[in-house]
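Undergrad: Sharing a structure below in structure tokens format, with a few things to ask.
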Amino acid sequence: MNALSQRRRTLLLFKTCLRRIQTFPMSAQSYYRHHVRQHFSAHRDETDAERINELLERAEQSAQWVVNKMSAQTK
């Protein structure tokens with residue numbers, strides 16, 4: 021995967037996470053918004069393509085876990 025498509029994937033994941041957070045209860049939104057921004061920012065300077073893919077996969081899995089958790093809590 022080239023750097024441009026990794027960048028697009030990263031930005032898409034970041035935006036998707038922020039949009040999903042808007043569906044969470046108000047009491048949890050600021051916590052998760054801060055968490056997402058902090059973790060994406062912490063890895064902003066990563067250049068190793070393999071490491072970036074690992075981080076993106078882990079972030080996607082974590083995001084899905086949190087969405088499932090929040091969905092279960094609101095039911």
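For the sequence shown, this note's numbering begins at 21 and goes up steadily by one.
Here a beta-carbon is modelled for each residue, glycine too, at the ideal position from N, C-alpha and C.
Nothing here was measured: the structure is a model prediction, and the numbers come from that model.
1. How is the alpha helix (DSSP H) around residue 53 delimited, first residue to last?
2. Where residue 24 and residue 30 are concerned, what is the direct C-alpha to C-alpha distance, given to the nearest angstrom?
3. What do you reckon, are the CB atoms on residue 37 and residue 83 nearer than 7 angstroms?
4. Report the CB separation of residue 79 from residue 33 in whole angstroms; it is logged as a contact under 8 angstroms.
5. What residue range is occupied by the uninterrupted alpha helix (DSSP H) comprising residue 70?
TA: On the basis of the coordinates in this document:
1. If you number the sequence shown from 1, residue 53 lands on position 33. First-last of the alpha helix (DSSP H) with residue 53: 46 to 62.
2. Numbered from its first residue, the sequence shown carries residue 24 at position 4. Numbered from its first residue, the sequence shown carries residue 30 at position 10. In this structure, the straight-line span from the alpha carbon of residue 24 to that of residue 30 is close to 10 angstroms.
3. Within the sequence shown, the letter at position 17 stands for residue 37. Within the sequence shown, the letter at position 63 stands for residue 83. In terms of Cβ geometry, residue 37 and residue 83 form a close pair [threshold 7 angstroms].
4. Here residue 79 corresponds to residue number 59 of the sequence shown, with the count starting at 1. Here residue 33 corresponds to residue number 13 of the sequence shown, with the count starting at 1. Confirmed, about 6 angstroms.
5. Position 50 of the sequence shown, counting from 1, holds the residue named residue 70. In the DSSP annotation of this structure, the continuous segment of the alpha helix (DSSP H) that includes residue 70 starts and ends at 69 to 94.
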